[in-house]
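Working notes, structure below.
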């Protein structure tokens, strides 16, 4: 138990120390850079269908614990990318509110999922269907903790395409919120099982998902398929989980 508590709280303490002593280098978040990070080519120069999931540290003290994730898709020969975010202001589902690969209030995004070509073309309709029919789409539905938040929204889209075998990072707080209302079931990949007590407590065990324990949104675990440790506050250490 002592080892478990150490592994749970030591990474959070390290992340907090990094924030309070080193800062995040973004300055005033209201004036922070939200321009393209250069992770995507111009849509006109890239005719292939595209799917991307990006993650970047959230704003101010919340960056100690969590990332914000979003989805970008582009059909074959489309002239623009379409970006979907789930936010706390206005209508929760926001379309093209920011540059597709834009910095999140100054934070440089990382690529979690990358799929191109015919495979992306086949999967985009599934993603769009979930987005268009997402149940938490009204004013006031957003809840930063334990969810539904931006990471719950992205997880719902990824769950609709198990072929991606995609896993959000442990810092994607809200990904374990049971948006379907089911607190127990088979993981999206079909390779394991999960249990979630309204997103406050839970676990998942699966070949794709690895082993994860969720305590008040803090996720601790490890991945066997692509060896890595999953630490709250600090993220994933080991092989990348994205495609």
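Numbering (this note's numbering), first residue to last: 18 to 260.
Yeah, the Cβ is synthetic: ideal placement off N, Cα and C, and Gly gets one too.
| query | What residue from 252, 159 and 202 has the CA that sits closest to residue 176's CA? | reply | Translated into the one-based positions of the chain shown, residue 176 becomes position 159. With distances taken between Cα atoms, residue 176 lies closest to 202.
| task | Note the first and the last residue of the continuous alpha helix (DSSP H) segment covering residue 240. | result | Taking the first residue of the chain shown as position 1, residue 240 is located at position 223. That residue, residue 240, is in no alpha helix (DSSP H); its beta strand (DSSP E) goes 235–240.
| request: Assuming residue 60 and residue 130 form a contact by the criterion Cβ under 8 Å, report the distance between their Cβ atoms to the nearest whole angstrom. | output: Translated into the one-based positions of the chain shown, residue 60 becomes position 43. Translated into the one-based positions of the chain shown, residue 130 becomes position 113. The Cβ separation is near 18 Å, so there is no contact.
| said: For residue 51, tell me which candidate among 45, 36 and 121 has the shortest Cα-Cα distance. | reply: As a first step, residue 51 must be located in the chain shown, where it is residue number 34. Measuring from the Cα of residue 51, the nearest candidate turns out to be 121.
| task | Find out if the Cβ-Cβ distance for the pair residue 54, residue 124 is shorter than 7 Å. | result | Residue 54 sits at position 37 when you count from the first residue of the chain shown. Residue 124 sits at position 107 when you count from the first residue of the chain shown. Judged by their CB atoms, residue 54 and residue 124 are not nearer to each other than the 7 Å cut-off.
| field | CA-to-CA distance, residue 103 to residue 165, given in whole angstroms | value | Stepping through the chain shown from its first residue, residue 165 is reached at position 148. Stepping through the chain shown from its first residue, residue 103 is reached at position 86. Their Cα atoms are separated by approximately 9 Å.
| Across which residues does DSSP place residue 143 in a beta bridge pair? | Taking the first residue of the chain shown as 1, we reach residue 143 at position 126. DSSP output for residue 143 lists no bridge partner at all.
| Delimiting residues of the beta strand (DSSP E) encompassing residue 222 | Here the question's residue 222 lines up with position 205 in the chain shown. Residues 218–223.
| message | Residues in the same chain with beta-carbon distance under 6 Å from residue 189, minus the five sequence neighbours each way, listed in chain order, please. | response | Counting from one through the chain shown, the residue named residue 189 turns up at place 172. The answer, listed in chain order, is 84, 86 and 168.
| field | Short Cβ contact (7 Å threshold) for residue 2 with residue 194 | value | Residue 2 is absent from the structure shown; the chain starts at 18 and stops at 260.
| Is the Cβ-Cβ distance between residue 110 and residue 154 less than 7 Å? | Within the chain shown, numbered from 1, the residue matching residue 110 stands at position 93. Within the chain shown, numbered from 1, the residue matching residue 154 stands at position 137. Contact flag set, yes.
| Quick one: complete beta strand (DSSP E) runs, 3+ long, within the region 58–132? | 67–74, 84–91, 99–103 and 110–112
| request: Compute the distance between the beta-carbons of residue 246 and residue 28, then report whether it is under 7 Å. | output: Numbered from 1 along the chain shown, position 229 holds the residue referred to as residue 246. Numbered from 1 along the chain shown, position 11 holds the residue referred to as residue 28. In this structure, residue 28 does not lie closer than 7 Å to residue 246 by Cβ.
| query | Among the residues of its own chain, which have a CB less than 7 Å from the CB of residue 151, if the five just before and after it don't count? | reply | Here residue 151 is taken as the residue at index 134 of the chain shown, counted from 1. 110, 170 and 173, listed in sequence order.
| task | Note the first and the last residue of the continuous beta strand (DSSP E) segment covering residue 206. | result | As a first step, residue 206 is located in the chain shown; it is residue number 189 there, counting from the start. Unbroken run through residue 206: none, as it is neither H nor E.
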